[in-house]
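7 is the number of the first residue of the sequence shown in this note's numbering; add one for each residue after it.
Built from N, CA and C at the ideal position, the CB exists for glycine as well.
What follows is a single structure, written as C-alpha cells, with notes after it.
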Amino acid sequence: MFMASFNEAFFLGERMRESLKWSSVKVDSEAVDAVLAKNNLPYAIAHILVSRGIDQADKVESFLAPRLAGLSDPFLLPDMAEAVARIWKAKDQNEHILIYGDYDVDGVCSTALLTRMLRRLGMHVDAFIPERIGDGYGVTIHALERALKMHSATLIITVDCGTNSIEALKQANQQGVDVIVTDHHEPTFPYAEALACINPKLGTYSDLTILCGAGVAFKLVHALLKQGRNEDRKEADQVDLREGLDLVALATVADMVPLIKENRILVNNGLKQMKQTVWKGLSALIQLVGDKSAVTSSVCGFQLGPRINAAGRMGSPMKAFDLLMMDNLEVSRKQASILDQLNRDRRNLEKRVYDEAIKQIEAYDVSEKIGIVASSSAWHLGVIGIVAAKVSRYFNRPSILLVEDTDGMCKGSGRGIQGFDLLKALQACESQLKAYGGHRMAAGLSLLASQQDVFSHAFNEACATQLKDKNLIHELIIDAWLDEETLDDLFYQYLVQLAPFGEGFREPIFAISGARLQGVPVVMGGSHLRFKLDWKEQSLSVVAFNFSLDDLPVGCLDVAFTFEENVWKGQSNLQLNVQAMKPAL
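Shown next, in the form of C-alpha cells:
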C-alpha cells in the first residue's frame, strides 16, 4: 500500500495529543487574491503557496511545474573545473578510479550513480563503501587501507563524505593517490586537503548548499558531460543524464535535505523518471513495495529508503549497492527480497531499542531535561540513529543515544528538533568528545564511557542555552482551515501539484470544523481506526493511525488531517489521514 503522507502521530501517540497546541498559518489575504487572479486554484492551495513564499503570481507556474532547464550551471560549485579535468585525464590515460561512498541511502545512491555513469563514459571504475560498525563514518585510515588493498587506484572520488577526513586524505596523497572529494556535509576548518573539494558549503552560490551527496555527484556528472561535449568527446553524447535523476530523487528525500529550489527540480523530475527507470535493482525494489506509477516522495522516504539503509545498518551496504548495479530483473528481485528481510530484522531490533530507551528516559523527570542522553552496551549501533529521531519526536527534545563498547568507548547518534542547532550544541561540549560531526538536525559522536555523566550534563546545558519552554511544546501547524472546498478528485489534483513534500516543504495539514461521526468506526490492527465523517454535506473517508475509540471526541469534531490517495490492490480512494482531533468549538 502506498500512502501519500506520513503520520507523525504514529510515533508521538497520546503524549503528543495531551499537550498539542493547534496553530494556524496566517497570510496576507491580498497576496492570496493576487495569486488567484492569475491562477485557477482553490483558495486553500493559493493560501498555502503564499504562506510558503510563493507569493507572486508569476512565480506560481514555475513552482508548480519545475523544469530541468531551471538547474544551475554545475561549474558554479567550487573546484568543479579541476575535478572534471582530472577525471577526463584519468580516462585518457587509462587509469583506475575508485569511488569511495557512504553506507546510508545518500551514499549508496551516490556511489551507484557515479560508478555507472563513469563506466558508461568508458572509464575503469570500482566502488568501495565502508561498513558502519567495522569502519565508521567517512574516509578513515583503516577503511582507506582496506579499500586500496581491494582496488588498486590512482584516483579516488569520494561521495557523500571526505570533507573533514584530514588524516586519511593526507595518507592517500603520500601514497601517490589523487583524491577528489564530493560531499555536502558541514566543513570544519581547516578541512581535508584534496586535489578538488566539491562541497557546496565551501562555495559562494547559496542555492546549492541544500544539495545532498547524490545531488553533488549528479552535478559532477553534469559537468563531465558538458565539458566532454565541448571537447567533442563522442562518449559524452552516449550518456543520458536524466537516467540518474531517480537515484538523486530517492537520495534527496531520504537524506532529509530541504525540498526547495534546486532539490525541488531534481526530486520532481526524478519521481517522473522512476516510472521508467533503467535501474533494474530500483525497479525490483519498487515492485516489492508497490507500483511504479504511484511512487511519491513519501514512498521514497518510508518504503524504498529504509530497505536500502537496512543493508548498511544490519550488515554490508554493498548489498544495496549490488542491487542498484544489477542488470537482470529476476536476480534483482531476489536481492531486493534480501534487503526486505534485513529491513524486517531492523524494525524488530529498532522496536526493542526504542522501548528500552523510552523506559530508561522516563525513569527520571524528563521535564527537568532539555537535552536527552541515553545509553546501553546492549543496543545495536546500526539503529540508534533512527531511534534517536523517534525519541526526539516523542519528547520534542534534542536526543542522543550512545552505545558502549568493550574498549571503554561510546559511539552515538543524535537528532535535533526545529529551532535548534545540534552541531552547535556538540561544539559546546567539545572537551568531552573524541570526535563528532553532522549538521543542525543530525550528528554522530564518540566519547570515553567514563565521560558520559559529564557529557550528559554539558549537553543539557548547551541545549538550555538555545531552547526555551515555548520550543518544547508540541505544536501542530494548520496550513489552511477549509470552509467551502469540496474534498474531491479535483482538489486532490491541485494538491498534488504542490508535491514533492518532505523536509523544508512539508505536506500541508488541513483542518475542518463541525464534522460529525457517521456510523460505527472500524478498529484496525488494535491501534488504528477507519470511519466516515459528515461535513458540509460531504461524506469523507477517514483513517486515524495510532488512535483508539477512546480518542474520539463526543459530538461535533474539529479534525486536522492530510488529504491523500490510498492505493490498495489496484483500487484507490481519497481519504483524510488524521493528525489530531478535538471537540469543535
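Backbone secondary structure at residue i - three-state DSSP
{"i": "S30", "result": "strand"}
{"i": "L265", "result": "coil"}
{"i": "W94", "result": "helix"}
{"i": "F12", "result": "With a pLDDT of 38 at F12, under the threshold of 50, the modelled position of this residue cannot be trusted, and the question is left open."}
{"i": "H463", "result": "helix"}
{"i": "I592", "result": "The shown model of the chain, from 7 to 591, leaves out residue 592, and the question about it has no answer."}
{"i": "T210", "result": "coil"}
{"i": "K281", "result": "coil"}
{"i": "E241", "result": "helix"}
{"i": "E481", "result": "strand"}
{"i": "D184", "result": "strand"}
{"i": "C218", "result": "coil"}
{"i": "S78", "result": "coil"}
{"i": "C203", "result": "strand"}
{"i": "I378", "result": "strand"}
{"i": "A470", "result": "helix"}
{"i": "A486", "result": "strand"}
{"i": "R73", "result": "coil"}
{"i": "L272", "result": "helix"}
{"i": "Y360", "result": "helix"}
{"i": "N45", "result": "coil"}
{"i": "T258", "result": "helix"}
{"i": "I344", "result": "helix"}
{"i": "F17", "result": "With a pLDDT of only 39 at F17, under the threshold of 50, the placement of this residue in the model should not be trusted, and no figure is reported."}
{"i": "Y603", "result": "Any answer about residue 603 is impossible in this case: the structure gives the chain only from 7 up to 591."}
{"i": "C167", "result": "coil"}
{"i": "F195", "result": "coil"}
{"i": "L493", "result": "coil"}
{"i": "L591", "result": "coil"}
{"i": "A62", "result": "The question names Ala, but residue 62 in the sequence shown is Gln. Reduced to three states, the DSSP call for Q62 is coil."}
Exposure label - residue i; buried when at least 16 CB within 10 Å
{"i": "W5", "result": "In this structure the chain extends from 7 to 591, so residue 5 is not present and cannot be described."}
{"i": "K441", "result": "Note that residue 441 corresponds to Ala in the displayed sequence, not to Lys. With fewer than 16 Cβ atoms within 10 Å of its Cβ, A441 is classed as exposed."}
{"i": "D98", "result": "exposed"}
{"i": "Q341", "result": "buried"}
{"i": "N236", "result": "exposed"}
{"i": "F195", "result": "exposed"}
{"i": "V528", "result": "exposed"}
{"i": "G182", "result": "exposed"}
{"i": "N275", "result": "buried"}
{"i": "N579", "result": "exposed"}
{"i": "R270", "result": "buried"}
{"i": "H148", "result": "exposed"}
{"i": "Q233", "result": "buried"}
{"i": "Q438", "result": "buried"}
{"i": "C435", "result": "buried"}
{"i": "V584", "result": "buried"}
{"i": "K417", "result": "buried"}
Chain-order list of residues whose beta-carbon lies under 7 Å from that of residue i (same chain, five-residue window excluded)
{"i": "L201", "result": "E88, R92, D184, V185, I186"}
{"i": "E2", "result": "This structure cannot speak to residue 2, because the chain is shown only from 7 to 591."}
{"i": "Q581", "result": "S547, V548, V549, E570, N572"}
{"i": "G250", "result": "L119, M123, F224, V227"}
{"i": "S322", "result": "E137"}
Cβ shell of residue i (< 8 Å), same chain only, five flanking positions each side left out
{"i": "I378", "result": "I367, V372, V397, S398, F401, R403, P404, S405, I406"}
{"i": "I204", "result": "L83, P84, D85, M86, A89, I186, V187, T188, D189, V222, K225, L226"}
{"i": "I266", "result": "I216, G510, F511"}
{"i": "M587", "result": "A550, F553, D557, L558, P559, L563, D564, V565, A566"}
{"i": "N228", "result": "Note that residue 228 is His in the sequence shown here, rather than Asn. Cβ neighbours of H228 beyond the five flanking positions: L77, P80, L247."}
{"i": "L428", "result": "P404, G420, R421, G422, G444, H445, R446, M447, A448, A449"}
{"i": "I515", "result": "L482, I483, I484, D485, A566, F567, T568, Q585"}
Contacts around residue i, its chain only, beta-carbon distance under 6 Å, and the 5 residues preceding and following it disregarded
{"i": "I479", "result": "K27"}
{"i": "I314", "result": "V111, V114, A326"}
{"i": "T121", "result": "I105, V131, A133"}
{"i": "W541", "result": "I518, A521"}
Residue-level contact to chain C via CB, residue i, 8 Å cutoff
{"i": "F551", "result": "Absent from the structure is chain C; it holds one protein chain and no more."}
beta-carbon residue i near the ligand FMN non-hydrogen atom, thresh 7 Å
{"i": "L454", "result": "Although the ligand FMN was asked about, the structure shown includes no ligands whatsoever."}
- Query: Can you list, in chain order, the stretches of the beta strand (DSSP E) that have 3 or more residues and sit fully within the region 501-588?
  - Reply: The qualifying runs are 516-530, 534-541, 544-551, 563-574.
- Task: Evaluate contact between the region 445-454 and the region 473-484, counting only Cβ atoms and requiring at least three cross-stretch pairs below 8 Å.
- Result: Touching, no.
- So does the region 145-156 actually touch the region 70-81, counting three or more Cβ pairs closer than 8 Å? The region 145-156, when compared against the region 70-81, does not touch it at the 8 Å Cβ threshold.
- Query: At what residue ranges does the region 384-453 contain a whole run of the beta strand (DSSP E), taking only runs of 3 or more?
  - Reply: If we require 3 residues or more, the beta strand (DSSP E) runs fully inside the region 384-453 come out as 405-410, 415-421, 441-444.
- In chain order, each alpha helix (DSSP H) run of at least 4 residues that lies wholly inside the region 274-338: Taking only runs of at least 4 residues, the alpha helix (DSSP H) segments lying wholly in the region 274-338 are 286-295, 311-320, 324-331.
- Which full runs of the alpha helix (DSSP H) of 4+ residues lie inside the region 117-165, going along the chain? Restricting attention to alpha helix (DSSP H) runs no shorter than 4 residues, the region 117-165 encloses them at 147-156, ordered along the chain.
- Would you call the region 517-526 and the region 536-548 in contact, with 3 or more CB pairs under 8 Å? The answer is yes - the region 536-548 touches the region 517-526, with three or more Cβ pairs under 8 Å.
- Would you check if there are 3 or more beta carbon pairs closer than 8 Å linking the region 329-338 to the region 283-298? Touching, yes, given that three or more Cβ pairs across the two stretches are closer than 8 Å.
- Do three or more CB pairs link the region 50-64 to the region 480-487 at distances below 8 Å? The answer is yes - the region 480-487 touches the region 50-64, with three or more Cβ pairs under 8 Å.
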